[in-house]
Every structure is written in structure tokens, then in C-alpha cells.
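Visitor:
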Amino acid sequence: MQSHKMIEKKRKSRDGKKHDRPQKFTKKSKFSKKKGKNEDEKRRTGPRLPQSLRKELDRVNPNDQSCSEEDEEDVNGDVYEYEEGVPEEESKKNRRFDSVENYEYELPKDFKDENVDSDEDDDFDGGENEIAHHKGKKGDLDQLDDDVEDEDDERHLRMLQGITGMPSQAFQDRKKNKVVVSEGYPESEYNPTRDVLDGDGRIAIEDLLESIQGKPGYRELRKITRQVEKKGKLLQAPLPKEDRDRLERIAAYKQSKKDITRWEPLVKRNREAPTIIFDKDTDSGFSTIGAIASEFEPRTEFEKKMSSLVNDDDVMAAHKEDGSRLLELNKISLEDYINSRNHIAKMRSLLFRHEVKMKRVKKIKSKTYHRLLKKDRLKGSVGMPMDAEEAKELAMKQEFKRAEERMTLRHKNQSKWAQRIVKRGMDAQDEGTRAAMAEQLHQHALLTRKMNSMKDSSSSDDSSDEEDSEKSDGSDEDKASKLLAQAQEKTRRVLEEDDGVPDSGVLSLPFMKRAMKKRKEAADEEGRLAIQEFESSLKELEDTDGAKITKTGTVSGRRVFGASKTQVIEPKNKIRSSSYSSDSEAELEAQEDIDVSLGRTDDMENNINVNSVSLYVDADIAQDSVLKNSELVKDLGPKMTYEVSMLKSNKWKKMSSSRNEVDTNGKRSQKVVEPVTHNQDIELEGVGEDSDADSEGQMLDGILSSEHKSSYKLPSQAELIREAFAGDDVQEEFNKDKEEIMNLENPEPEKPVQLPGWGQWTRVQKKKGLPSWVLEEHENAKRNREETLRKRKDAHLKHVIISEKLDKKAEKLLTGTLPYPFTSKEVFEQSIRMPIGPEFNPATAVKALIRPEVVKKQGLIIKPIRYEDVDSHERGGEERRQSGQKRRINRNKGRVKAVVAKS
Amino acid sequence: MKVKVISRSTDEFTRERSQDLQRVFHNFDPNLRTQEKAVEYQRALNAAKLDKIFARPFIGAMDGHIDAVSCMAKNPNYLKGIFSGSMDGDIRLWDIANSTGSERTGGASETVIAFFFFLSCFRYYHFDVYLLVTTFVGFGNVIEVIRRTVCRFPGHQGAVRGMTASTDGRTLVSCGTDCTVRLWNVPVATIMESGNLSDCSSEPQAVYMGENAYWAVDHQWSGDLFATAGAQVDIWNHNRSQPVSSFKWGTDSVISVRFNPGEPNLLATSARLRVVRAKVYDILVFVHAMHVCWGFSYSSLVSDITYSRTLRAGDRSIMLYDLRVSSPARKLIMRTKTNCISWNPMEPMNFTAANEDCNCYSYDARKLNEAKCVHKDHVSAVMDIDFSPTGREFVTGSYDRTVRIFQYNGGHSREIYHTKRMQRVFCVKFSCDASYVISGSDDTNLRLWKAKASEQLGILLPREQRRHEYNEALKKRYKHLPEVKRIVRHRHLPKPIYKAGVLRRVMIEAERRKDHRRKAHSAPGSIVTEPMRKRRIIKEVE
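Residue numbers (the UniProt record's numbering), protein chains in the order written: chain A, 1 to 903; chain B, 1 to 542.
#1: Within 10 angstroms of the Cβ of Lys429(B), are there 16 or more other Cβ atoms? Answer buried if so, exposed if not.
#2: So does Val395(B) have its beta carbon nearer than 8 angstroms to some heavy atom of the ligand ZN?
#3: Checking the sheet assignment: what are the DSSP bridge partners for Ile333(B)?
#4: Considering Asn350(B), what are the terminal residues of the beta strand (DSSP E) in which it resides?
#5: Evaluate Pro328(B) with the Cβ neighbour count: other Cβ atoms within 10 Å of its Cβ, from every protein chain shown; 16 or more gives buried, anything less gives exposed.
#6: If you run the structure through DSSP and keep just helix, strand and coil, what is Asn339(A)?
#7: Does DSSP put Ile487(B) in a helix, a strand or coil?
#8: State yes or no: is the beta carbon of Ala227(B) nearer than 9 angstroms to at least one beta carbon in chain A?
#9: So what does DSSP say about Trp417(A), is it helix, strand or coil?
#10: Identify, in the order they occur along the chain, each residue of the same chain with its Cβ nearer than 8 angstroms to the Cβ of Thr300(A), setting aside the five sequence neighbours on each side.
#11: Does any CB atom of chain B fall closer than 9 angstroms to the CB of Phe278(A)?
#12: Apart from the five residues just before and just after Glu36(B), which ones in its own chain have a Cβ nearer than 8 angstroms to its Cβ?
#13: State the beta-bridge partners of Glu415(B) as determined by DSSP.
#14: Whole angstroms are fine: how far does the CA of Val374(B) sit from the CA of Glu530(B)?
#15: Would you list, in chain order, the members of the segment 384 to 414 of chain A that have their beta-carbon closer than 7 angstroms to a beta-carbon of chain B?
#16: So, is residue 543(B) buried or exposed, given that buried needs 16 or more other C-beta atoms within 10 angstroms?
#17: Roughly how far, in whole angstroms, is the beta-carbon of Trp215(B) from the beta-carbon of Arg161(B), given that I think they are within contact range, below 8 angstroms?
#18: Expressed to the nearest angstrom, what Euclidean distance is found between the alpha-carbon atoms of Thr815(A) and Phe426(B)?
#19: Quick one: Cα of Thr149(B) to Cα of Ile66(B), how far?
#20: Taking only beta-carbon atoms, is residue 553(B) less than 9 angstroms away from chain A?
#21: If you run the structure through DSSP and keep just helix, strand and coil, what is Phe561(A)?
#22: Once you ignore the five residues that flank Arg421(B) on each side, which residues in its own chain have a CB closer than 7 angstroms to its CB?
#23: Starting from Ser831(A), trace the beta strand (DSSP E) both ways and give me its first and last residue.
#24: When DSSP labels each residue in this structure, what does Asn75(B) get in the three-state scheme?
#25: By DSSP, does Val528(B) sit in helix, in strand, or in coil?
#26: Threshold first: 4 residues or longer. Then list the alpha helix (DSSP H) segments lying entirely within the segment 722 to 755 of chain A, N to C.
#27: Could you tell me which residues DSSP pairs with Met62(B) in its beta bridges?
#28: On a Cα-Cα basis, can you pick out the residue from Phe351(B), Leu457(B), Arg424(B) and Leu493(B) that is closest to Ile416(B)?
#29: Taking its Cβ as the centre, do 16 or more other Cβ atoms sit within 10 Å of Ile277(A), making it buried, or is it exposed?
#30: Could you tell me whether the segment 344 to 351 of chain B touches the segment 259 to 266 of chain A, where touching means 3 or more Cβ pairs closer than 8 angstroms?
#31: Does the Cβ-Cβ distance between Ala268(B) and Asn260(B) come in under 9 angstroms?
#32: For Phe226(B), write down the residues that DSSP places opposite it in a beta bridge.
#33: Output needed for Ile801(A): all residues of its chain with C-beta closer than 6 angstroms, excluding positions within five of it in sequence on either side, in chain order.
#34: Any idea what DSSP makes of His480(B), helix, strand or coil?
#35: What did DSSP end up calling Val379(B) once you bin it into helix, strand or coil?
#36: Give, in chain order, every residue of the segment 792 to 816 of chain A whose Cβ lies closer than 9 angstroms to some Cβ of chain B.
Below is the structure:
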């Protein structure tokens with residue numbers, strides 16, 4: 001289309017801006033150009049190329065024809081190569097369809113001239129037979145033919161016009177059709193239409209544009225088309241369908257490949273996980289705190305109160321609107337503030353004081369004190385005004401005790417002890433026993449009494465306890481004295497402390513105060529008396545004590561023990577200091593020994609202490625009861641303690657003797673009890689020659705080592721070895737062993753013996769000796785043996801035996817080759833090294849060790865995988881937890897993984 | 001001073017309940033137990049032996065069809081329901097939970113015993129009663145039989161070749177050689193459970209006629225599309241009577257189609273030559289020999305031989321399609337026909353193809369030039385394959401009358417199931433909970449198997465569970481040691497299968513040997529042995 005525009009332009013310039021341009025003219029010009037091209041081709045080539053080939057050439061280099069041409073048409077062609085249509089020209093195009101015949105007549109003449117000029121053009125024929133020519137020469141000259149044809153058309157058209165009086169446009173189409181029809185053959189791929197061959201005769205955008213010229217929007221449209229033309233490229237012919245499909249498939253595959261690849265990290269993680277769990281998608285409830293909070297419903301009163309405050313409309317509104325409103329709501333009056341501050345300060349100081357007090361109390365090391373304190377606390381809790389429930393509970397308890405007492409009659413002379421005493425007769429008993437009996441009966445009476453009158457039972461309870469403890473374990477005299485002293489002290493303390501006067505309530509009334517004061521004075525008096533009595537009794541006790549110590553000596557428990565303890569420690573220390581040269585082990589042992597013995601003695605002492613203390617009456621009972629009890633104890637004192645101490649020491653002896661059987665330490669500790677005065681003397685001499693049993697072993701060691709040091713000279717290493725291995729020849733033994741093993745693994749062939757009746761006739765055999773084949777065989781076997789011996793791995797190794805015997809039993813525990821997934825022997829061995837059973841592993845570990853690869857539930861439908869994002873760079877060590885719908889990742893199973901990876 | 005004593009707090013040693021175990025303390029010092037490895041080895045051995053003792057995989061057979069079972073479908077939403085279609089166009093829905101053969105007789109006898117007990121209680125003996133009992137027994141039996149088929153779907157004129165159920169389990173799609181696709185409403189599970197419906201039969205929800213016979217159908221996992229395979233691959237919507245789209249690539253007919261469960265728009269098909277163009281007579285003897293020895297089916301052999309004569313592309317191919325671009329994606333041509341394909345439900349890129357040459361080939365859909373794994377063991381064409389929902393193993397049914405279970409990455413089968421009466425297996429399915437296997441065979445029966453032959457059914461106590469786990473772990477640990485390996489591997493096979501296997505091995509060995517010699521006697525590098533993973537692949541077509 002472009003070309004024909006060019007031509008137009010050229011023509012216009014030549015014709016001096018003729019405005020009337022007939023439609024036919026354009027047509028003609030087109031044809032003329034084509035003709036020119038044809039001519040040019042003819043001129044250029046010697047041999048005649050087929051039309052199709054030429055077309056190819058034209059397409060390859062379309063402008064080479066122009067350079068050789070000086071013709072008008074060719075110049076036109078030249079111009080058309082690089083010039084474009086001018087808008088002003090287009091304005092004239094609207095007359096395209098106007099029928100102006102003048103030019104039409106001119107142009108054919110031109111053509112003719114040209115045709116004549118071209119000297120090679122001898123193929124030209126007018127009329128209809130051109131078609132045959134055209135066919136014969138493969139459409140060589142179709143352009144020329146067209147021209148001629150056109151001429152005819154023109155004439156025909158004019159004729160038609162003349163006849164019908166209709167404009168020429170009406171017959172335009174017919175003409176076009178005629179071109180097609182004029183060809184004798186149907187259109188096919190071997191016989192294309194001219195339009196197709198020439199690439200011409202198509203409707204251009206300009207053609208369409210012309211029809212709307214002058215209408216609104218035309219200008220824009222034109223501009224666009226021009227732009228398109230400028231930049232526009234020729235559209236490629238579509239690829240064949242096969243190729244298109246192929247490309248489409250490739251693209252599709254690429255796409256789907258990419259889509260599948262996104263699953264890779266997920267799949268990888270699943271594969272690497274030691275365990276994959278297919279679990280039900282159980283809804284574990286709310287996952288967020290907010291969700292849980294929203295479900296909360298206040299139930300208790302406190303909760304309701306809180307919720308009413310929290311959900312208060314004012315507060316809510318303030319929350320929603322502004323923070324400052326909240327502050328307003330928060331306002332507290334100054335008074336309130338001060339009050340609260342004071343309150344807090346008070347509480348703090350109280351707390352602090354309490355703390356300080358507790359610290360002080362804690363520092364007190366006296367066990368008695370703590371014991372008493374504890375009892376105090378208990379008492380306090382009992383004595384405290386309690387609420388109904390507590391009281392009820394207590395009542396219940398007491399009722400229970402009463403019932404129990406009534407059932408068992410425990411305190412009614414039922415025990416063996418009581419029965420014995422009763423059997424013997426009360427008169428035969430001493431004072432204390434009688435008192436105890438009386439006490440017991442009293443206890444019984446108290447317990448079986450009705451509830452209301454049980455208030456004072458506590459003290460008697462205690463006394464019964466005391467009796468029990470007296471029975472079970474005793475104490476000695478100085479316990480009694482100590483006890484007395486303590487009682488005395490207590491009384492004094494009570495006297496001192498008991499002046500706290502309540503400053504409120506009924507007791508704060510003046511007459512009450514006065515009465516209290518009086519009572520207190522009376523009590524004080526009593527207390528003072530009691531202290532005096534205590535003192536006197538203490539003195540008495542001390543006297544008796546001294547006598548007893550001199551008398552009994554070693555027999556009585558604690559005192560003797562204490563003495564022995566001190567005695568033992570001293571010499572031991574000395575031993576340690578003297579035996580500095582002995583090896584540290586012995587020393588250590590000795591030390592340990594001391595420790596042990598010390599511990600034991602201390603323990604015993606404590607024990608006795610406790611026992612004796614438990615004898616003691618509770619200090620917090622009212623003074624009179626204290627006095628009474630202490631008197632009682634005082635009375636009982638000497639005999640009781642004596643008895644008990646005997647018992648004690650016996651027990652101890654029994655214990656130690658039993659320990660003696662068990663270990664050697666016991667033996668020593670038993671000896672500790674023996675009088676060791678002379679022992680001590682020996683220690684003091686420095687070296688224990690006839691050493692005490694106590695430190696026998698250590699002493700011996702020490703002596704030995706010291707003696708060595710003085711006389712022994714260190715032998716050399718070689719000497720030592722020679723001495724150590726004197727008499728055994730290792731080398732020879734080894735050689736013998738080796739030979740034995742060699743013989744065992746490669747046994748020596750049996751020497752051939754004459755077997756009568758074997759091989760040959762006896763007679764002959766006897767004469768000939770052994771048959772030759774037997775000998776040969778023997779020789780062979782021998783040679784073989786030597787060969788194998790030489791080939792043995794340890795043949796040249798002097799000090800090594802490498803057994804080549806296969807152990808069948810061991811074989812079944814070995815794999816022939818390295819199993820598949822393992823890459824090295826070590827890894828495989830490692831994998832089956834640790835046991836996994838519950839006997840060899842803690843229960844917590846076993847579960848992880850034996851966890852199967854796939855955990856699923858029967859009857860649970862497992863759905864296919866669903867996509868989730870996985871960090872592909874995340875290292876393993878996490879276990880996959882998967883459910884039908886969603887999966888949870890449990891990250892802290894690294895241990896599991898590691899373990900399983902091993903197994 | 002320090003005194004060391006043994007102290008045990010009562011809190012730690014008090015049991016919460018009387019059933020609780022007493023707390024025991026162990027010293028796990030390995031020096032105290034030097035024999036632990038030997039002990040565990042022995043235990044592993046025992047576990048392997050026990051496994052053999054308890055291996056009773058067959059649960060029961062379901063009979064009812066009067067022709068070979070050609071295809072099955074499982075209900076993805078209901079564990080107990082399984083559909084089966086037969087060669088005579090019968091479709092049945094089975095309740096596999098109530099249909100074990102042994103239970104049937106056992107159940108009946110139990111009822112009888114109970115009935116007698118009931119009678120003896122009342123000391124009432126009468127002839128009429130006996131009569132009643134006998135009728136009762138008969139009745140019970142009948143009921144049992146009927147209960148097994150929950151529902152029938154009559155309608156297909158020819159063989160039912162493909163069936164599938166939608167993901168919600170409401171719709172069943174079936175297709176067959178009568179050129180129809182039928183959609184059925186599946187009865188609700190509650191009706192199935194109640195058991196009062198003895199034999200319901202329903203009308204198809206829709207019937208779509210096609211031009212060619214349909215060979216397979218599969219439903220998308222998430223979505224309402226399903227694909228049929230025949231002369232071409234058609235994608236259907238439930239609500240449309242015409243296919244939404246159809247694909248055609250080459251001239252071969254498609255015989256199986258499977259959607260990727262993970263990637264719903266991806267599907268794979270396998271195709272075969274539509275017409276066997278060969279003179280069969282001259283090679284018939286050879287074909288017969290191959291069939292006997294190798295277990296190839298006749299048709300495939302014939303086509304295979306034809307193949308070697310006229311090398312034609314697009315014959316026994318596996319094709320991938322992508323629905324989003326509505327275009328085929330790739331084609332892989334193998335030497336022999338692929339009968340069925342199954343995608344791994346847990347690994348959307350992998351699928352396994354059941355091939356006519358007795359092997360299964362696992363492929364990565366992205367790298368089709370080489371199989372990832374070749375699963376050998378069958379001695380005849382593999383007819384069907386189905387992956388376990390766990391994605392760790394798959395089951396195959398073969399023309400050699402066996403069902404095998406393979407690991408997804410194992411070259412040889414883990415398990416083989418066979419019975420005397422089971423004939424050619426045409427279809428197999430793994431149950432949705434991965435603990436059962438169902439096979440349908442030429443002998444008109446469906447068979448229910450355990451996926452793990454020696455697994456203990458029923459509810460296990462935690463300690464039992466732990467024991468089993470321990471045994472499994474031990475076996476796994478010592479599986480490489482010769483004794484354990486031998487016991488675990490050993491299977492008793494029917495004689496024909498055993499012999500066919502031996503023969504197959506002999507032939508393969510001979511081939512290998514020949515190859516080796518050929519290689520040894522030719523210029524180095526001139527003969528290249530391809531690995532088995534590549535050997536059966538002809539080419540990959542873009």
C-alpha cells in the first residue's frame with residue numbers, strides 16, 4: 001500500500017498538483033510499477049529464474065532493483081522506498097472513486113512504450129492466450145497480461161457505464177472478481193491467486209480511512225495509524241499448529257514443574273522426620289488469650305464484683321474514647337491517699353519487726369527453746385478463741401479420744417506393767433510407781449469424763465506422756481538435776497513475764513486490775529518458794545551424783561561415753577601427727593574413723609539428751625503443776641535414772657557388738673568404750689609398738705612405710721621386670737601358642753600308615769610298602785599346608801597371631817556387607833550399639849527410642865498433604881506432627897530425632 | 001557433720017491409684033548389664049519369628065458379583081464404604097466392616113448357641129422350636145449375605161471400567177464400555193449403619209453419553225471436576241452434561257487417569273496403542289512363550305512386538321496434563337504399556353506407574369527422563385496400583401494373582417498376599433486409614449486384607465502398644481543381620497509364582513551375562529549399559 005502512495009505522490013509532483021485524481025489512475029499506477037519491476041528483473045538476469053524464486057529474491061533485497069533503473073517508474077519505486085505519504089496528498093484521496101478517464105488512456109500508452117522499449121520482452125501476447133503462456137512459464141509475465149487485461153476492462157467498464165448510466169464503482173467488484181475467474185485453474189496451494197503471489201491487492205487502512213475523512217475523530221485516527229506505520233513491523237505468519245502446541249506444552253510443563261517444586265521443602269521435611277504422625281484434627285479449644293478471656297463468666301462474688309468494675313460502662317466508654325477520662329475516674333482524694341499510705345507504712349513496719357523477731361528467734365540454737373516454742377504455738381492455737389468450726393472439730397476429736405479410751409481402757413491398769421504392779425500388790429511398790437498408777441487412773445477418769453468437763457485434761461495428758469517416756473527410756477541423775485534447773489528457770493521466767501496487763505476490756509477495769517494484782521502477788525510468792533525448793537533439791541542431786549560417778553565408773557551410759565570420747569580423740573590426733581610419713585590413704589582412713597566415732601558418740605549423746613528431755617514436764621503448764629511434777633521427778637530421780645542408764649548402756653553394747661560382726665569399724669568403736677588410759681600413754685610415747693586395736697591397721701601401715709624409707713634402695717626398672725617375671729618364659733610360651741593355633745587351623749596331614757586290606761593285596765602291599773598314590777597325596781597335603789602357612793597374614797609377624805578361623809556363631813551376628821543406607825562401618829556399628837529396651841533405658845527415653853516411623857490411628861481417614869510454608873533452610877531436629885486438616889510442628893523433639901537417627 | 005542415709009519421700013512412692021505400677025529404680029549403668037546387645041538381638045529374632053506366627057493378613061472375601069471385578073473406588077469420606085464395578089455392568093457398594101467371611105459363620109453359630117441356651121433356661125423342648133431354630137439360622141445367614149452389599153447401582157450395559165467418588169462422598173461417578181458416564185447418589189452413611197436397608201438400588205443422578213468407550217475416571221481431590229479417559233481425556237463438571245474441556249494428544253487411547261491429590265490441577269494419564277496393527281500369526285508362538293515365562297498379557301506383547309517393527313511414537317505413554325493452562329504438559333514413552341498410575345498423596349511431585357513388564361516405576365514428574373525407583377517382584381503385568389494415604393507404601397495387584405505391598409522407595413516388595421482362590425487381580429485399593437487393603441479379582445470376589453500381616457486388630461492397651469513398638473524397633477534395628485533378615489524376608493509362595501520368579505531371575509541373569517560378555521569383547525566405551533531406571537524409557541516428548 002505504501003508503494004502505491006509513493007507513486008501517487010510522485011505523479012502528483014509531475015502533474016503539477018492536479019487535484020483530480022481518478023481512482024482508475026491509482027490502479028494503473030500500481031500496475032505500471034509492477035510492470036517496471038518485472039522489466040527490471042528481466043534485464044538483470046541472464047537465465048530466467050522461475051517466478052517464485054524471484055519473489056524470494058525480491059523479498060530478501062527489495063531495493064536492489066531501483067538502483068539500476070532510470071525510468072520514471074523506477075524512480076517512483078526508488079522514492080517509495082524511503083518516503084512516506086504526505087497528509088495533504090491524502091486529502092485528495094477522497095476523490096479516489098471519482099471516475100476520471102483521461103489519465104487512464106495515457107497510462108496504457110506509457111506501458112506500451114515501455115514494453116516496446118524492453119528488448120527482451122518478446123513473450124508478450126495480447127488476447128486470451130496469455131494465460132497459457134503464463135502457465136507455461138510459471139507466471140512469468142502475469143503483470144503484463146494484467147495490464148492488457150485491464151485495458152480491456154476499462155473499455156468494458158466504460159461501455160457498461162454508457163449503457164446503464166451507473167457510476168463505475170458499481171462495476172468495480174466485478175472487475176476484481178474477473179481477475180480470479182480469468183485463471184483457468186481453481187485456486188490451490190499450487191496455483192495461488194495473483195494477490196497472494198504479489199502481496200498486493202489488499203485493503204489498506206488508508207483505504208478505510210479515506211471514507212471517514214472530515215468526520216470528527218479522523219485526525220486522531222490518522223495520527224495513530226501513521227504512528228503505527230512508522231513503528232510497525234510486518235506481522236509474522238503464524239507458526240504451524242504443531243509447533244504452537246509444542247510450545248504451549250513446554251510452557252505448561254514449565255509452569256506445572258514450578259508449581260510442584262514448591263512442595264519440595266515440605267516433602268523433604270516429612271521424609272527426614274524420624275516420625276510422622278497422622279492424628280485427628282482435634283480442636284484443642286481457644287488458642288488465644290483473648291478468646292479465652294471472652295468466654296469468661298464470673299461465678300464467685302469476687303469475680304462478679306471485679307467484672308462489674310471492669311465492665312463498668314463509664315470505664316469502658318473512657319477506654320474507648322480517651323485516656324484522660326480514665327485518669328479522672330482514677331482520682332483519689334488526699335485523705336484517702338494519706339490513710340492508705342499510713343496503713344501501708346504501718347503494715348510494713350509490722351512486717352519488718354516481725355521479720356527481725358523471727359530472725360532473732362531463728363538464731364537461737366537451744367533445742368529446748370524451739371521445742372517449747374512449738375508446743376507454745378500449739379497451745380496457743382488451742383487456747384485461742386476459735387471459731388465454731390474449729391471448736392466443733394476439737395470437740396469431735398476429744399469425743400473420739402473418749403470413745404477410744406472407753407473402748408480400750410488403756411489407762412485402766414490394762415498394760416502389762418500395771419498388771420504386774422497390781423499383781424505384786426500396791427503396798428510392795430515404791431512411791432513413784434504408786435504415783436504413776438494413780439496418775440494413770442486419773443488420766444482414765446479424765447478421758448472418760450463427759451465432754452464439758454474436759455478442759456483441764458491437757459496437763460494430765462502430758463503427765464501420762466511423761467510416764468510413758470519414763471517407761472520406755474530413762475535418763476540419769478544429772479538429767480533430773482538439769483530438769484530441775486530448767487523448771488526453776490521457767491518459774492522465774494514466768495514470774496518475770498507475767499505482768500502484762502490488758503489495757504482494754506473487762507480486765508482493764510480497776511477492780512479487776514486490783515484482783516489480778518493480788519492474784520499475781522500470790523502466784524509470785526508461790527513461784528519464789530518453788531525456786532527455793534528447786535535450788536535445794538538441785539544441791540541434793542549434785543551430791544548424790546558425785547557419789548554415783550565414783551561408784552559406777554564405766555557402767556553408766558552418757559557420762560562414761562563422754563569421757564571415752566575425749567580420750568579417744570586425743571590419741572587419734574596424736575597418731576595423725578606422728579605418722580606423717582605414712583601414705584595419705586591410711587591417714588584418710590584414720591580421719592574417717594575419727595569422724596565416724598565422733599559422729600556416733602555425738603549421736604548417742606543427742607539421743608540421750610532427747611530422751612531425758614522428753615522425760616521432762618512441759619514448762620508451760622501452770623506453776624503448781626510444774627511444782628508438783630518436778631517434785632515427783634525429784635522423788636523418782638535416782639532409781640529411775642539408774643535403771644534406765646543400765647538399760648541404755650546394755651543396748652549400746654548390744655548394738656556395737658552387732659556392728660562388730662558386720663564391719664571392722666564396729667570393732668574399733670567397741671574398743672573405744674574400754675578404758676584407754678594406758679593406751680593414751682602409749683600414744684604419748686610416739687610410736688605405737690603394741691598398738692591399740694583402735695588404730696591397728698593404720699599404725700601398722702605407718703610403721704612399715706617408715707621402715708622402708710630407711711633401709712630400701714630402689715631397684716632399676718629392668719631389674720624389677722626381671723624379678724617380676726622371673727621363671728616364666730613368655731616368648732617361648734607365645735611361640736608354642738602360635739604353633740598350636742596354626743596346627744589347629746591348618747592341621748598337619750596324617751602320616752600314611754599301612755592299613756592291611758586297603759589299597760592292594762596284603763601280600764603285595766607288604767612287599768611294596770605304601771602305594772605310591774598315598775605317598776603322593778601325603779606329599780601334596782604337606783606342600784599345601786606349607787603354602788597356606790606361608791600365606792598366612794601372621795607368617796612374618798613375630799609377635800602376632802592372626803586367627804583365620806571363621807567363628808560360625810559370631811558369623812550370624814555380622815553382616816556380609818555394609819547395609820545400604822550406611823556409608824561407613826563405624827556409623828553402622830554406632831547405630832546398633834546402644835540398646836533401646838526398657839530394661840536398659842529410663843522410661844522417658846524408651847518411648848522416644850522405639851517410636852515407629854509412621855504413627856497413625858486405626859479408623860482415622862488420612863487426607864492428602866496440604867500446602868504449608870516451610871523454611872527450606874531450617875535444619876532437621878524437629879518432629880512433624882500432622883493431622884488431616886492442619887499440622888502442628890513440635891520443635892523440641894531434637895532429642896528424639898538424634899536418638900532415632902542413631903538407631 | 002554429714003550423715004548419708006537413704007531417703008525416699010513417701011510422695012514419690014505413693015501410688016495415686018491401686019492400679020498404678022510400683023515405682024522401680026533401675027541402675028542403667030551399662031557395666032552392670034554386659035549382655036544387653038545379645039539380649040536385644042535375641043528379642044529381635046523372636047519378634048521376627050512371632051511376626052511370622054501371627055501373620056494372618058486375610059480378613060475376608062466379599063462375593064456377590066457374577067463377573068470379574070474390574071474396578072473399585074473408595075469413599076474418601078466414609079471409611080467403611082467401598083464401591084466395586086464388574087465386567088457385566090454391576091456396581092455395588094460394600095460395607096467392609098460387617099462383611100468378613102469368618103464372622104458370618106461364626107456369628108450364626110453364636111446366635112444358635114445363644115438361642116439354645118435361652119431355651120434350656122426355660123426347659124422347653126419342642127419340635128417346633130427346632131424348626132424355628134433352623135429357620136432362624138438360615139435367615140441369619142441370608143441377612144448376613146445381603147448386608148454385605150449395602151447398595152447396588154444398576155444401569156451400565158457393558159463392563160464398568162472406571163469408578164470414583166467425590167471428595168465429600170456423596171456422588172459416585174462410573175463409566176464403562178457402553179460409552180456412558182453415570183453419576184449416582186451415594187446413600188448416606190447413617191442408612192448404611194442402620195442396616196435395615198437390605199438391598200437398596202438407586203437410579204443414576206445423571207447419564208452422559210459419549211462417542212467412545214470410557215476406560216477410566218478419576219475425581220479431583222478438592223474441587224468438583226472429574227476426568228474421564230477414553231479416546232481422549234475429558235474434564236467434566238458435576239453440573240454439566242458436556243465436558244468442560246477435553247485433551248487429545250496423539251492417536252492412542254487413554255486407559256487410566258489420575259488426579260494429583262496434592263496439586264488438584266495436575267493429572268496424569270497412561271495411554272496405549274489404539275489399534276494393534278500386526279500380523280500376529282507368525283509370532284504367536286513366541287508371544288505365547290513370553291506370556292508363559294514372563295507373564296506378559298497377550299495384547300501388550302503383540303503390541304510390543306509390533307512396536308519393535310514399526311517404531312511409533314505415542315504408544316505406551318504416560319502423559320501429564322495441567323488444567324490451568326488447559327493443555328497437555330509432557331509425554332513419556334515407555335517400552336511397555338502402563339496400566340495404571342498413582343500419585344503419592346504426601347509427595348505431590350511423585351507418582352508410580354504400574355507397568356505391563358511386571359515392574360512399577362516411580363517417577364518424579366519434573367524429571368521424566370529417569371525413573372526414581374524401579375519396584376520389581378511381580379511375575380506378571382501389574383494391573384492396578386494404589387498409594388497408601390500415608391504416602392510411605394503402595395499396593396499393587398497383578399495378573400500373576402498376587403497382591404503386593406511395596407515401600408515407596410523400596411526396590412522389592414515388603415509383602416505378598418495370595419490365596420488359592422484368588423485369580424487375576426484387576427484392582428486394588430488401600431483403605432483411607434492406611435490399615436487395610438482391598439483387592440478385586442477375576443474370581444468375582446473382593447478381598448479384604450490387613451496392610452500389616454501380623455498386626456493385632458482391635459484396641460490395644462498402652463503396654464501392648466509399647467510392646468509392639470519395641471518389637472518393631474528391634475526388628476528394624478537388626479534387620480540387616482542374616483538370621484533376622486532371612487526370617488523377615490521369607491514368604492511362602494504358590495508354586496507357579498515361585499517358579500515364574502525363578503525363571504525370571506534366570507532370564508535376567510542370562511541377559512546380564514550376555515551383556516557383560518558383549519561389552520568385554522567390544523571396544524571399550526562402545527557399548528553402554530543403561531541403568532534399569534532408564535532402560536525401559538524410549539523418550540520424553542515435549
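Quick reminder that beta carbons are idealized off the backbone N, C-alpha and C, glycines included.
These figures come from a predicted structure and were not determined experimentally.
Guide: Let me spell this out:
#1: buried
#2: The ligand content of the structure shown is nil, which means the ligand ZN is not present either.
#3: Ser317(B) and Lys539(B)
#4: Asn350 to Asn355
#5: buried
#6: helix
#7: helix
#8: no
#9: helix
#10: none
#11: yes
#12: Pro30
#13: Ile405(B)
#14: 14 angstroms
#15: none
#16: Since the first residue shown for chain B is 1 and the last is 542, residue 543(B) is missing from the structure and cannot be characterised.
#17: 5 angstroms
#18: 40 angstroms
#19: 13 angstroms
#20: This structure cannot settle anything about residue 553(B), because the visible part of chain B is limited to 1 through 542.
#21: Residue placement at Phe561(A) cannot be trusted, given a pLDDT of 41 that sits under 50; what the coordinates show is reported in the next sentence. Helix at Phe561(A).
#22: Asp443
#23: No beta strand (DSSP E) holds Ser831(A); the alpha helix (DSSP H) holding it covers Lys825 to Ser831.
#24: coil
#25: coil
#26: 730 to 745
#27: Leu446(B)
#28: Leu493(B)
#29: buried
#30: yes
#31: yes
#32: His219(B) and Trp236(B)
#33: Lys738, Ile741 and Asp794
#34: coil
#35: coil
#36: Glu811, Lys812, Leu813, Leu814, Thr815 and Gly816
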